[in-house]
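So the protein sequences, as listed, match chains F and P.
Per this note's numbering, the very first residue in the first sequence carries number 1; after that it's consecutive.
Per this note's numbering, the very first residue in the second sequence carries number 469; after that it's consecutive.
Worksheet: one structure, shown below.
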Amino acid sequence: MPQTLFEKVWNSHKVTEIDGRTLIYIDRHLVHEVTSPQAFDGLRLNKRKVRRPDLTFATMDHNVPTNNRSLPIVDQISAIQIKTLETNCKEFGIELFDLHSPYQGIVHVIGPELGITLPGTTIVCGDSHTSTHGAFGAFALGIGTSDVEHVLATQCLVMDKPKTFEIRVDGKRKHRHAITAKDIILSIIKRIGTAGGTGTVIEYRGEAISDLSMDERMTICNMSIEAGARAGLIAPDAKTFDYLKGRKYTPKNYDELVDFWKTDMVTDNGAKFDKVFTINASDIVPQVSWGTNPAMTSDVTDTVPHPSEYANGNKSEEDAAKKALEYMDLKPGTQITDIKIDRVFIGSCTNARLQDLIEAADVIHGRKASPNVRVMVVPGSQQVKKQAEEIGLDKIFQDANFEWRESGCSMCLGMNPDILSRGERCASTSNRNFEGRQGTGGRTHLVSPVMAAAAAIAGHFVDVREWL
Amino acid sequence: MDKFSKVLSIAIPLDRANVDTDQIVPKQFLKLVQRTGFGKFLFYDWKFDQGGQQKPDFVLNNPKYSDSHILVTGENFGCGSSREHAVWALKDYGLDVIIAPSFADIFYNNCFKNGILPIRIPRNVIDELIHTMSKIEVDLEHQTVKYDSKIILFAIDEGRKKTLLEGLDDIAVTLQYQDEITLYEKSHAL
Chain F
1 MPQTLFEKVW NSHKVTEIDG RTLIYIDRHL VHEVTSPQAF DGLRLNKRKV RRPDLTFATM
61 DHNVPTNNRS LPIVDQISAI QIKTLETNCK EFGIELFDLH SPYQGIVHVI GPELGITLPG
121 TTIVCGDSHT STHGAFGAFA LGIGTSDVEH VLATQCLVMD KPKTFEIRVD GKRKHRHAIT
181 AKDIILSIIK RIGTAGGTGT VIEYRGEAIS DLSMDERMTI CNMSIEAGAR AGLIAPDAKT
241 FDYLKGRKYT PKNYDELVDF WKTDMVTDNG AKFDKVFTIN ASDIVPQVSW GTNPAMTSDV
301 TDTVPHPSEY ANGNKSEEDA AKKALEYMDL KPGTQITDIK IDRVFIGSCT NARLQDLIEA
361 ADVIHGRKAS PNVRVMVVPG SQQVKKQAEE IGLDKIFQDA NFEWRESGCS MCLGMNPDIL
421 SRGERCASTS NRNFEGRQGT GGRTHLVSPV MAAAAAIAGH FVDVREWL
Chain P
469 MDKFSKVLSI AIPLDRANVD TDQIVPKQFL KLVQRTGFGK FLFYDWKFDQ GGQQKPDFVL
529 NNPKYSDSHI LVTGENFGCG SSREHAVWAL KDYGLDVIIA PSFADIFYNN CFKNGILPIR
589 IPRNVIDELI HTMSKIEVDL EHQTVKYDSK IILFAIDEGR KKTLLEGLDD IAVTLQYQDE
649 ITLYEKSHAL
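Here's what the structure looks like:
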């Protein structure tokens with residue numbers, strides 16, 4: 001019987017059944033400082049070991065400062081959390097890319113760039129954006145701390161099989177530089193809603209998906225969780241295999257594996273998905289979110305919608321939109337391009353890879369950030385930072401008065417000192433515009449790196465198609 | 469984990485859709501390295517104003533609900549971040565049951581690891597539960613919610629039900645399958 005890519009990965013990782021649920025083997029486990037301390041404590045309490053430290057990799061990203069790395073961490077509680085991860089990795093024999101490692105970075109940026117992420121594998125991490133790794137054809141999902149402990153102890157997870165969801169993005173983008181992967185995924189979430197993918201694993205397919213680079217595919221899969229999906233994946237192809245060749249942890253028998261992946265890690269012709277959604281890439285324009293969840297998003301050419309128009313008869317959505325506009329201090333009917341901003345954040349596991357930074361820098365053209373706007377550029381990893389500096393991006397950003405910082409999650413979730421003040425409005429390349437996400441009372445608009453860079457210069461949103 | 473028993477309590481009505489885990493526990497409280505003590509941070513930015521004073525119009529600040537063990541809420545509860553701190557906060561606050569039309573997947577799963585029962589119930593019933601003044605009885609064994617002399621049945625996966633009713637340590641359960649895991653590893657090295 002023809003199978004989808006996800007079903008193949010699922011079936012090849014079944015260990016056994018327990019009480020009607022499936023025990024799934026986990027090939028790679030990524031660990032960070034915020035969601036792991038309680039899991040390691042649990043192991044100690046029950047005198048358990050880490051079953052496969054060799055398949056477990058750790059880094060610190062969520063609350064690390066992004067200023068000078070040679071300075072001590074001012075926030076004592078963050079410092080304890082970081083120290084705790086060091087101690088735990090040492091005690092349990094886990095490889096750690098710490099603050100001074102050349103491989104430190106956001107866990108979802110370093111997994112692929114180190115070749116830890118591989119097609120056809122199962123990958124977990126105590127972080128919802130683990131879906132990012134699906135860009136390589138892996139089944140990659142975010143888990144809670146109890147499951148982190150479960151995987152540490154058993155290298156397995158007890159799961160119910162998710163449903164399959166095909167999202168087709170047909171055709172081509174009308175403007176390759178101004179309309180990005182971020183605009184594709186925001187357009188999808190806007191249409192299917194923040195719970196549109198609940199209980200499913202999405203497979204992104206179609207011409208516009210095949211056309212994307214690996215960096216762009218990661219942006220798409222990254223935000224699968226914002227549509228509520230368990231995971232999102234894309235079948236591996238020549239771009240995937242080229243990307244992973246010769247990386248630090250790429251297996252020695254790589255060519256052999258590629259031969260297998262090429263033929264096997266695809267959805268069979270005639271395989272049925274439980275759910276299907278189709279969108280045409282030529283209909284997509286740059287996106288800007290106006291509300292407090294990622295589905296509350298409009299075309300840059302539009303106005304802020306009226307709650308009733310947005311909700312289309314759904315009472316609780318209408319209430320949510322009203323509350324969102326109040327929180328965001330926006331009036332229905334306001335042109336998106338009339339919204340002024342105070343801050344710009346270019347970073348996060350969604351948009352802090354090399355291509356994101358190159359594209360953002362391309363928008364600048366010798367101009368400077370608006371004097372009213374503070375701009376932070378936070379590369380996704382130390383390797384991304386180094387590569388960017390090798391091609392002079394740091395200079396381009398700094399000449400434009402954009403701050404060039406050290407790698408980490410930074411202002412995507414504001415666990416470190418990089419936060420918005422109450423009432424500040426930010427154009428952000430991150431993934432969540434929830435209330436208070438970037439700082440209590442802060443207001444987040446989700447955009448692509450090129451839209452963020454253009455807004456930084458103009459001081460308000462602009463249709464970046466007119467600039468590129 | 470303690471065994472889950474019947475719950476009888478009035479319900480806290482929080483009629484909002486898409487309540488995300490950033491609201492349930494804001495990020496500034498994720499830096500603790502223990503599992504305990506998160507209850508005081510539950511819905512922090514909705515409960516307190518800039519000066520740290522309670523906002524009187526927020527439902528959790530209504531003393532009427534201070535002993536409640538049940539939360540009734542809107543669609544897609546617990547969406548966003550995988551932070552289990554959200555569930556620890558709800559449990560530590562004293563909540564044992566969350567009733568909603570739908571839940572986000574990771575949050576739903578995290579509940580069972582911490583002795584919280586998440587119940588999916590259709591929207592029209594939620595509307596009644598939000599407005600009822602009487603106590604609600606939740607019986608996991610018989611999979612019923614009783615209120616205002618009505619009885620509603622709810623669905624739950626047998627494996628998860630057993631975990632809650634027996635208070636099982638699911639790592640201990642999986643460790644009984646060590647031989648199967650070892651066998652799998654021998655044939656699937658990657």
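Backbone N, C-alpha and C define an ideal beta-carbon position, used for all residues, glycine too.
Let me make sure I understand the geometry here. Which of the options has the alpha-carbon closest to that of residue i?
{"i": "F:E424", "options": "F:P417, F:G439, F:D211", "result": "F:G439"}
{"i": "P:E653", "options": "F:C156, F:L43, F:A79, F:A311", "result": "F:C156"}
{"i": "F:G134", "options": "F:Q383, F:T198, F:L233, F:R21", "result": "F:L233"}
{"i": "F:V373", "options": "F:A455, F:N314, F:A324, F:A321", "result": "F:A455"}
{"i": "F:V266", "options": "F:S282, F:G291, F:A238", "result": "F:A238"}
{"i": "F:D302", "options": "F:W290, F:L118, F:S146", "result": "F:W290"}
{"i": "F:A79", "options": "P:V606, P:L498, P:C579", "result": "P:L498"}
{"i": "F:C125", "options": "F:S36, F:K161, F:R52", "result": "F:S36"}
{"i": "F:R343", "options": "F:Q3, F:Y327, F:A369", "result": "F:A369"}
{"i": "F:G414", "options": "F:D41, F:R443, F:W467, F:I188", "result": "F:R443"}
{"i": "P:W556", "options": "P:G548, P:F575, P:F571", "result": "P:F575"}
{"i": "F:T194", "options": "F:I123, F:I26, F:M296, F:V375", "result": "F:M296"}
Can you give me the C-alpha to C-alpha distance between residue i and residue j, rounded to a whole angstrom?
{"i": "P:V565", "j": "P:I480", "result": "11 Å"}
{"i": "F:V285", "j": "F:Y103", "result": "35 Å"}
{"i": "F:M223", "j": "F:T350", "result": "7 Å"}
{"i": "P:R507", "j": "F:A458", "result": "Per the sequence presented here, residue 507 of chain P reads as Gly, with Arg not at that position. Each residue's alpha carbon lies about 44 Å from the other."}
{"i": "F:A178", "j": "P:S550", "result": "32 Å"}
{"i": "F:T292", "j": "F:K47", "result": "43 Å"}
{"i": "P:I492", "j": "F:D98", "result": "30 Å"}
{"i": "P:L608", "j": "P:R628", "result": "11 Å"}
{"i": "F:E17", "j": "F:L71", "result": "50 Å"}
{"i": "F:A281", "j": "F:A320", "result": "29 Å"}
{"i": "F:Q358", "j": "F:V109", "result": "In the sequence under discussion, the amino acid at residue 358 of chain F is Ile, which differs from the Gln named in the question. Roughly 16 Å separates the two Cα atoms."}
{"i": "F:T429", "j": "P:K614", "result": "47 Å"}
{"i": "P:P524", "j": "F:E317", "result": "24 Å"}
{"i": "F:K90", "j": "F:N416", "result": "24 Å"}
{"i": "P:V606", "j": "P:T612", "result": "6 Å"}
{"i": "F:G144", "j": "F:G111", "result": "19 Å"}
{"i": "F:K245", "j": "F:Y254", "result": "7 Å"}
{"i": "F:D54", "j": "F:V377", "result": "33 Å"}
{"i": "F:V169", "j": "F:K262", "result": "22 Å"}
{"i": "F:D264", "j": "F:Y249", "result": "22 Å"}
{"i": "F:R432", "j": "P:E596", "result": "32 Å"}
{"i": "F:F92", "j": "F:F273", "result": "41 Å"}
{"i": "F:G510", "j": "P:N578", "result": "Residue 510 of chain F is absent from the structure shown; chain F starts at 1 and stops at 468."}
{"i": "P:E626", "j": "F:R173", "result": "47 Å"}
{"i": "F:V148", "j": "P:R591", "result": "33 Å"}
{"i": "P:N529", "j": "P:C547", "result": "23 Å"}
{"i": "F:W10", "j": "F:K161", "result": "8 Å"}
{"i": "P:H537", "j": "P:K618", "result": "19 Å"}
Is residue i near the ligand MG, with its Cβ less than 6 Å from a heavy atom?
{"i": "F:S448", "result": "For the ligand MG, the structure offers nothing, since it holds no ligand at all."}
With DSSP as the reference, identify every bridge partner of residue i, one or two as the case may be.
{"i": "F:Y25", "result": "F:C156"}
{"i": "F:A140", "result": "F:I123"}
{"i": "F:C426", "result": "F:R343, F:T444"}
{"i": "P:Y533", "result": "Looking at the DSSP assignment, P:Y533 forms no beta bridge with any residue, so it has no partner."}
{"i": "P:D488", "result": "P:C547"}
{"i": "F:Q335", "result": "F:T303"}
{"i": "F:F434", "result": "Paired residues: none, contrary to the question."}
{"i": "F:H460", "result": "F:K340"}
{"i": "F:F57", "result": "F:L30, F:E95"}
{"i": "F:G232", "result": "F:I202"}
Which same chain residues end up closer than 7 Å to residue i when comparing Cβ atoms and leaving out the 5 residues on each side of it in sequence?
{"i": "F:H150", "result": "L157"}
{"i": "F:F6", "result": "F139, T164, V201, E203, L233"}
{"i": "F:T337", "result": "V300, H460, F461, V462, D463"}
{"i": "F:T240", "result": "P119, F136, G137, M214"}
{"i": "F:K252", "result": "none"}
Output needed for residue i: all residues of its chain with C-beta closer than 6 Å, excluding positions within five of it in sequence on either side, in chain order.
{"i": "P:W514", "result": "F526"}
{"i": "P:D581", "result": "Here residue 581 of chain P is Lys; the residue named in the question, Asp, does not match the sequence. Hits under 6 Å: none found."}
{"i": "P:I620", "result": "V593, V613"}
{"i": "F:E95", "result": "F57"}
{"i": "P:K554", "result": "The question names Lys, yet the displayed sequence has Ala at residue 554 of chain P. Correct list, in chain order: T489, I492, V493."}
Worksheet item: Hey, is the stretch 541–549 of chain P in contact with the stretch 469–484 of chain P, meaning 3+ C-beta pairs nearer than 8 Å?
Response: yes
Worksheet item: Is the stretch 382–399 of chain F in contact with the stretch 354–370 of chain F, if contact means three or more CB pairs nearer than 8 Å?
Response: yes
Discussion item. Three Cβ pairs or more, each shorter than 8 Å: is that satisfied between the stretch 22–37 of chain F and the stretch 57–74 of chain F?
Written reply: yes
Worksheet item: Between the stretch 510–522 of chain P and the stretch 470–478 of chain P, do at least 3 Cβ pairs fall closer than 8 Å?
Response: no
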